[in-house]
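Take a look at the structure set out below.
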Amino acid sequence: MGDMSNSDFYAKNQRNEENHAAAFGCSVMELRALMELRGTEAVVKLQEDYGGVEGLCKRLKTSPTEGLAGAQPDLDKRREIYGRNLIPPKKPKTFLQLVWEALQDVTLIILEIAALVSLGLSFYHPPGDNEGELCGDAAGAMEGEGEAEAGWIEGAAILLSVVCVVLVTAFNDWSKEKQFRGLQSRIEQEQKFQVVRGSQVIQLPVADIVVGDIAQIKYGDLLPADGVLIQGNDLKIDESSLTGESDHVKKSADKDPMLLSGTHVMEGSGRMLVTAVGINSQTGIIFTLLGAGVEEEEKKEKKVKKQDGAAAMEMQPLKSAEGGETEEKEKKKVSAPKKEKSVLQGKLTKLAVQIGKAGLLMSAITVIILVLYFAIDNFVIQGLTWLPECTPIYIQYFVKFFIIGVTVLVVAVPEGLPLAVTISLAYSVKKMMKDNNLVRHLDACETMGNATAICSDKTGTLTTNRMTVVQCYIGDVHYKEVPDPGVLPPKSLDLLVHSISINSAYTTKILPADKEGGLPKQVGNKTECGLLGLVLDLKRDYQPIRNQIPEEKLYKVYTFNSVRKSMSTVVKLPDGSFRMYSKGASEIVLKKCSYILNEVGESRVFRPRDKDEMVKKVIEPMACDGLRTICVAYRDFPGNPEPNWDDENNILCELTAICVVGIEDPVRPEVPDAILKCQRAGITVRMVTGDNINTARAIAIKCGIIHPGEDFLCIDGKEFNRRIRNEKGEVEQERIDKVWPKLRVLARSSPTDKHTLVKGIIDSTMVDQRQVVAVTGDGTNDGPALKKADVGFAMGIAGTDVAKEASDIILTDDNFSSIVKAVMWGRNVYDSISKFLQFQLTVNVVAVIVAFTGACITQDSPLKAVQMLWVNLIMDTFASLALATEPPTEDLLKRKPYGRNKPLISSTMTKNILGHAVYQLILIFTLLFAGEKIFDIDNGRNAPLHAPPSEHYTIIFNTFVMMQLFNEINARKIHGERNVFAGILRNPIFCSIVFGTFFVQVVIVQFGGKPFSCTPLDVEKWMWCVFLGMGELLWGQVIATIPNSRLRFLRRAGQLTQKDESPEEDVNEENEEIDHAERELRRGQILWFRGLNRIQTQIEVVNTFKSGTSFQGAGALRRQSSTTSQTQDVTNVSSPSHVSLSNALSSPTSTTAATAPPTTGQC
């Protein structure tokens, strides 16, 4: 929203208001002012100015019960006056901006300068005719008129190839940004919200909500707009994303009715009137300021301070009473998202540092040797003196040497690495969409390939989440299937039907099937759907009962939460007394029952020993069949005196049990197979569920998580806590270490238990590899565990907004087998990078050695600058495209995870790299020093400065490129497989790139002429070049036969050693901790920043996408707010050289920002 300054924006709104004040009873500004009030202040203002919520509804022409009529003209008018419910995205970078960024590359700049100097000098002709004798052999350069005139071509060709590299880079960045915007909007469209329109409850995309809508809010929602509460049941909101206060805020229509966008509903349900949307909502206002802040920061960093001040002032209404403290907190939070890098990023940074150093060294030595050789040869051996008129000629030589040196550096630095990573990740993300994985954070995709443990929910992930009641115990009889209503006592039946119909969310319904003969559609909470299904099976209907007692008439609702594990609803009976209906986990509700209905529907005393018998004879047998047991009960209260409803302990006791039902949730048919695949792939699957331990164990056996006779642990939350906590009740890591390796099922677990388990496994040091843990979750309370895990999977269908917010990947079909696909894709990313590395490093080693030795022995690199740039383009851009888009195969799941400490370059890869390098070097040096004899052509060595291209060097260049092409096919396999062509036709991109490169090479050699230093070759010589290239394939087979055991000494390249992996605790305390590899960057080797700079531009979009600052719609905003709200669990991975936006936004007074060391990446 940066393109319109705030004051303009307000002024424009002001004008609009005058025009539209007549249409509705309140203007945008009045509503904005209203939403900035809190608590009693807001209630008073509402009452005095608007006549309460009803009055506000009248002014906004809406009905608190029926909602808007939903007529299109009315909706359009509301959008025109009050705005749409989306936040305009920050404008994407234009193609020209991306080109400009690509041009900032240090090595490219050096090349451009060298090329310009070379161009300038080529036009300079020294005066006089006798400089030949004076300047010695060097002047041989000026032989022949035509050649002297062609001197400018090399400079021009280098400039041209630089332009090519820049355009390719910019295009890649541009298409990537476009892809992320697409992904972003896809995530936006996923979020729907329930609103009432024309008395019907409908699901709307969040962007379609308008001011005046009546929205239904429930546990787990992320509020999409600001609003005023009309009616609420036990509503508690987490406003930490706006105020920084972690305590949940109780909301009620008479005490604090203000609901703000971007906050989470942690408990309860209710209805709210939407009063502000999009940029006028509280979160939108902050976001507008953030947007403006970013724009300003880009123009001038100095202005940030003022901007920040303005932001702080405008945001003041959102602060809690102790504003100052919160502000500090906010700032600390903003600069917190710095956590350990993803495994691959860490390894690649380290590798890039190593290669960059080597390349810099080689290029420096090359230049020094060339200059010394030239100087000694001319001024010492030939004894010439330096004459002023010879200076341009000598300088031309030095420029040529310099260009050769820079070219060696260009080839040595693998700037294609980040490109390959990005292409591979972007390609995988796109394809994973089809496999029902919506990836929110790019690096999650790669981390998933290293996963060693998955902690999965049971309901909905391993099971179908389609609940049906199959057994029940009612009137002292245990029915193994749903009984005929005629055999049940009428009184019990009536109480049961009323209890289920009233004491469940009114949004839960059973609708007729979509297709004929299909199963009825379950909408809302699936357990409640199962119970409503029981009502229908008993030939009764729940709707008339609900119509008779609508939601407004419910006297008090105790909503379900993870502590209560039950839900209760109080209604007022016609005689003035009260009745409370309760339902929940059977062992919990039965403990609170003092009576039970007998076979005629009368209540009798329910003694402790009866309870024990019931558990043994009814509940355990049901649970062992894998059923979930729910107890339904009720209690009557006198109308006078009215009970104290807030005293829960005295209300939720002395209940009368009506019945116990066993609900079946069948295992998904594809799950056992998926779990078997995980186990084969070295991944341990653990089930963490809130269900009873017997049910959990039965389902775990059906899924194949546990096999009878194995040594494993199945425990419940109580036992788990007893084992892992010391006498003081503190969790001890060594105690967890005794439990987790064998733990397979954790039942009756609380969200805290899940978080403790995940943290315990991740922090464990008892195994040599750090465990990489994936977690699935769907409830609001799973947020902390999802954030803590290396990869958090949220359920796309059953998941709450809060869970989706905390997750890295959303499973759009809620299916466990999709997680296995994610593992496959993750491993594929890792392998793609390894394939590319193997190919790239072979080319690097060969090109650098050839350029270096060639330059030292013949004073000229056998591969010219322009040719090197072409090779660089093939091996970087095209190869990364070709090798990074290999589709995954099932074979990937047949090996164990690589783990965090395995070197990036395995011993097999090292063997391949060195083996192919040896073959290529032998061939090239043979051609260089004996090529003229073999092919019977002129010798191309020691040619003068502007000599025409020789056939000799053309053959060397052509053979070199042919070898790379065939080696690219070898690089498709990195585990020593023999058949390198396996599945090659499944990857059309690879085939087209190989053929395309070959075609361009033919054009370059035959028609490239002077710019590419090539002469056309005849068919026979072409055949030889291709033949020598094909030798790579045969040589690859020879290398595959050498056993790896001989190559122990080369194991450590690219290894991420233990000390580089900064432990998480340090990172949380020291947000600015710079890891070992990055510290090395500081030592002034700025030249090879080409690699890291490219990483910066590649990952820039990814990072912004993660921190959610510049991406569209409220979704980005939601991400922003939730990222900052949970500092300790932030999983944002910042790129090696990316100065995060948040640092720029937090003002200098913030301690973390002030003490931060200068970030790398600003060269």
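Per my numbering, the sequence shown runs over residues 627 to 1789. For every residue, glycine included, the Cβ atom is placed at its ideal position computed from N, Cα and C.
Does the distance from the C-beta atom of residue i to that of residue j stay below 8 Å?
| i | j | result |
| --- | --- | --- |
| Leu886 | Leu861 | no |
| Lys1368 | Phe1338 | yes |
| Met1313 | Lys1084 | yes |
| Arg1254 | Asp1342 | no |
| Ile1550 | Ile1582 | yes |
| Glu584 | Ala1131 | A query on residue 584 cannot be resolved here, the shown segment of the chain reaching from 627 to 1789 and no further. |
| Gly858 | Gly888 | no |
| Asp839 | Val821 | yes |
| Ile1332 | Ala1326 | yes |
| Ser1576 | Thr1641 | yes |
| Leu899 | Cys652 | no |
| Tyr708 | Val891 | no |
| Ala1307 | Leu1519 | yes |
| Met1494 | Val1037 | yes |
| Lys1060 | Gln805 | no |
Output the distance between the C-alpha atoms of residue i and residue j, rounded to the nearest integer angstrom.
| i | j | result |
| --- | --- | --- |
| Asn1527 | Arg1351 | 31 Å |
| Val587 | Leu657 | Nothing can be reported for residue 587: it is not among the residues displayed for the chain, which extend from 627 to 1789. |
| Lys1217 | Ala1283 | 10 Å |
| Gly985 | Val1474 | 8 Å |
| Ser811 | Leu712 | 11 Å |
| Lys1599 | Leu1158 | 56 Å |
| Asn1270 | Phe1263 | 11 Å |
| Pro1792 | Glu803 | There is simply no residue 1792 to check, as the chain begins at 627 and stops at 1789 in what is shown. |
| Leu734 | Val794 | 13 Å |
| Arg685 | Phe1346 | 56 Å |
| Ile1100 | Leu701 | 51 Å |
| Lys1490 | Trp1650 | 21 Å |
| Asp1562 | His1578 | 9 Å |
| Ile905 | Val654 | 11 Å |
| Arg1172 | Val1197 | 12 Å |
| Asp1102 | Pro1200 | 30 Å |
| Leu1553 | Arg1453 | 41 Å |
| Ala1432 | Ala1070 | 13 Å |
| Ala937 | Leu868 | With a pLDDT of only 32 at Ala937, under the threshold of 50, the placement of this residue in the model should not be trusted, and no figure is reported. |
| Ile1665 | Phe1555 | 26 Å |
Who are the near neighbours of residue i in its chain, counting only those whose CB is closer than 7 Å to its CB and skipping five residues on each side?
| i | result |
| --- | --- |
| Pro1111 | Leu1119, Leu1164, Lys1165 |
| Gln1148 | Arg1092, Ile1136, Cys1155 |
| Phe797 | none |
| Glu1594 | Phe1465, Ala1505, Ala1508, Val1620 |
| Ala1424 | Gly1086, Asn1091, Asp1404, Asp1440 |
Tell me, to the nearest whole angstrom, how far the beta carbon of residue i is from that of residue j; I am working on the premise that it is less than 8 Å.
| i | j | result |
| --- | --- | --- |
| Ile1277 | Met1193 | So it is not a contact: roughly 13 Å between Cβ atoms. |
Just tell me which of the options has its CA closest to the CA of residue i.
| i | options | result |
| --- | --- | --- |
| Leu1281 | Lys1303, Arg1233, Ile1665 | Arg1233 |
| Ala1610 | Gly1655, Ile707, Val1652, Ala1508 | The sequence shown places Ile at residue 1610, rather than the Ala named in the question. Out of Gly1655, Ile707, Val1652, Ala1508, Ala1508 has the C-alpha closest to the C-alpha of Ile1610. |
| Val1025 | Gly1009, Ser1671, Leu996, Leu1013 | Leu996 |
| Val1032 | Trp1012, Leu987, Val1065 | Leu987 |
| Met1421 | Pro1295, Val791, Ile1435 | Ile1435 |
| Tyr1168 | Leu1180, Asn1129, Asp882, Val1196 | Asn1129 |
| Met661 | Gln980, Asp852, Arg1190 | Asp852 |
| Val1047 | Ile1080, Leu974, His1067 | Leu974 |
| Arg1567 | Gly1409, Leu729, Leu1540, Gly1480 | Gly1480 |
| Gln1305 | Thr1134, Ala1597, Ile1019, Ile1080 | Ile1080 |
| Asp1379 | Ile1021, Asp1394, Arg1348, Thr1391 | Arg1348 |
Apart from the five residues on each side of it in sequence, which residues of its chain come closer than 6 Å, Cβ to Cβ, to residue i?
| i | result |
| --- | --- |
| Val1297 | Leu1088, Cys1329, Phe1442 |
| Ile1245 | Ser1212, Thr1255 |
| Ile1362 | Ile1350, Gly1386 |
Near residue i, what residues of its chain come up, given a Cβ to Cβ distance below 8 Å and the 5 sequence neighbours on each side ignored?
| i | result |
| --- | --- |
| Val1241 | Glu1213, Leu1216 |
| Lys926 | Low confidence applies to Lys926: its pLDDT is 47, below 50, so where it sits in the model is not reliable, and the reading given next is rough at best. Result list for Lys926: empty, nothing under 8 Å. |
With 8 Å as the threshold, decide whether the Cβ of residue i is near any Cβ in chain B.
| i | result |
| --- | --- |
| Asp1003 | This model lacks chain B altogether, as it is built from one protein chain only. |
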